[in-house]
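Residue numbers (the working numbering), protein chains in the order written: chain U, -7 to 318; chain H, 234 to 415.
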């Protein structure tokens, strides 16, 4: 979106990126000294998730829990021929039992966790809504997003070929990114509120059109928006879940230099919150709005007129490989 | 980011955390220095952020999101440092970039001084968006996630910040032209 720079912008960015030769060594040592005496905050919730474990591990833990409960229950039963109960020993996990399951590409045979940066061809998984990314409301503040705990566990798995990269729980082309002229990407969201004024200059646009929580409400809002160029939604099933598919096309007057748009250009063309906006002219969104056991999940693949047929085919294959675990 | 390392640090492994911290400390110091415009404040913010990452790491639900989450803690530390020294010290120590060569001359020094003055006039909010996007190369959507603000607000702050910076250059050019016409 910011590929063409005016001279002033180039000077500012060049200055901002000048090497200031920071040496963080003593800061690091000071921090590590403080860490030595700082306990970690432990919440009741485990840091790693049950859903990330494979089925065998889940069954093993479930079986162990049953045994613990049975032993505790047995020990708490009133004893015949005596008074009171036998003191029970509280079960304590052994040091080895707290090891974290590995998700590194070198040690895990199943899907790998989606990480940042260039990715090798393989099957990956992500928990797109575990860190928020809920349905955002139009109150102008991000904490207004309705972060439903029900979506935290939704796990999306897909297979990618070489040439793609992870970024913030989504993927895009490793070289072209999600930018014109030839970029492509795949994103996951819950489908948030829409902007009534899509074309922003320097004033923040208002997020003021509610989209409810269901597939129909979101699709209807997109179709009803007078400024959005969307085709007619069709029924679809993706990853075994029913929903609607539609395409949305951005206009051709999106600024290629968002820092300094030309007369008549949209500096920013916003579609829905959080964070869906056009990266350039004729940005095309393929949108699947799915009902995943009552939770709305929106899958979006992005491309441009300049995206090659080969990349388009890769993107299509990635979408078709998607599996969703609620 | 190595998610295994993140998960080991979550489990209390200080050695794993040391490797994580070593990986991000220089980047964090560079970012905080450009936001706060003061090396002492930046060092304090970086230290605070690293300690906060260690302390709160068990609560990070998705280790693959470590980068965005850790940036969020850094930005909070920068805000805290900026708030603590609300009266910005008149620290005129310009970023010690390479000394200007003869060919760049005095104009380059004046231009950098104008830019330094201009960025100090921006609020920490505006500087943060400018630095995260244009220095750390973080896409705007992720800046919005890090700052927990709507994308439209990120966009607006960036636009305002860049306009302010370009205006400083324009003013400099106008004064130079006026000087030349005398």
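Quick reminder that beta carbons are idealized off the backbone N, C-alpha and C, glycines included. Since we're looking at a predicted model, the values are computed, not measured.
Asked                                                                                                       : Found
C-alpha gap between residue 10/U and residue 259/H, whole angstroms                                         : 15 Å
Neighbour flag for residue 365/H against chain U, beta carbons, 9 Å                                         : no
Residue 280/U vs residue 311/U beta-carbon contact at 9 Å                                                   : yes
Counted within 10 angstroms of its Cβ, other Cβ atoms place residue 279/H as buried (16 or more) or exposed : buried
Where residue 146/U sits in the DSSP three-state scheme                                                     : coil
Reduced DSSP category for residue 304/H - H, G, I as helix; E, B as strand; rest coil                       : helix
Residue 377/H versus residue 395/H - alpha carbon distance                                                  : 17 Å
Contact the stretch 294 to 301 of chain U vs the stretch 184 to 193 of chain U: 3+ CB pairs below 8 Å       : no
Contact list for the stretch 336 to 364 of chain H against chain U, Cβ threshold 9 Å                        : 344, 345, 348, 349, 351, 352, 363, 364
Residue 402/H at chain U interface by Cβ criterion, 9 Å                                                     : yes
Proximity to residue 178/U [Cα-Cα], best of 17/U, 12/U, 306/U                                               : 306/U
Given residue 220/U as reference, the closest of 234/U, 164/U, 231/U, 243/U once Cα atoms are compared      : 243/U
Closer than 9 Å to chain H by CB, residue 279/U                                                             : no
Short CB-CB distance (under 9 Å) between residue 268/H and chain U                                          : no
Delimiting residues of the beta strand (DSSP E) encompassing residue 121/U                                  : Where residue 121/U is concerned, there is no enclosing beta strand (DSSP E), given that its DSSP letter is neither H nor E.
Closer than 9 Å at the beta carbon, the chain H residues around residue 266/U                               : 374, 377, 378, 383, 384
Contact check, residue 282/H vs residue 253/H, beta carbons under 9 Å                                       : no
Cβ-based neighbour list, residue 237/U, same chain, cut-off 6 Å, excluding 5 preceding and 5 following      : 226, 228, 280
Interface flag, residue 31/U vs chain H, CB-CB below 9 Å                                                    : yes
Residue 264/U: first and last residue of the uninterrupted beta strand (DSSP E) it sits in                  : 260 to 264
Bridge partner(s) assigned by DSSP for residue 157/U                                                        : 110/U, 164/U
Paired residues, beta bridge with residue 287/U - DSSP                                                      : 284/U
For residue 388/H and residue 351/H, the rounded distance between their alpha carbons                       : 19 Å
Straight-line gap, residue 69/U to residue 316/U (C-alpha atoms, nearest Å)                                 : Caution applies to residue 69/U, whose pLDDT of 36 falls short of 50 and renders its modelled position unreliable; the value that the coordinates give is listed next. Their backbone Cα atoms lie some 44 Å apart in a straight line.
Contact with chain H by residue 146/U, beta-carbon distance below 9 Å                                       : no
Straight-line gap, residue 284/H to residue 24/U (C-alpha atoms, nearest Å)                                 : 8 Å
Chain H contact for residue 240/U (CB, 9 Å cutoff)                                                          : no
Cβ pair residue 14/U, residue 272/H closer than 9 Å                                                         : yes
Closest residue to residue 264/U among 374/H, 398/H, 379/H (Cα-Cα distance)                                 : 374/H
8 Å contact criterion, which residue 212/U and residue 182/U should meet: CB distance rounded               : So it is not a contact: roughly 16 Å between Cβ atoms.
Contact list for residue 9/U against chain H, beta-carbon separation under 7 Å                              : 368
9 Å Cβ cutoff, residue 263/H in contact with chain U                                                        : yes
Reduced DSSP secondary structure (H/G/I, E/B, other) of residue 300/U                                       : coil
Those residues which DSSP pairs with residue 315/U across a bridge                                          : 149/U
Cβ neighbour criterion (16 or more within 10 Å) applied to residue 310/H                                    : buried
DSSP-derived helix/strand/coil call for residue 366/H                                                       : helix
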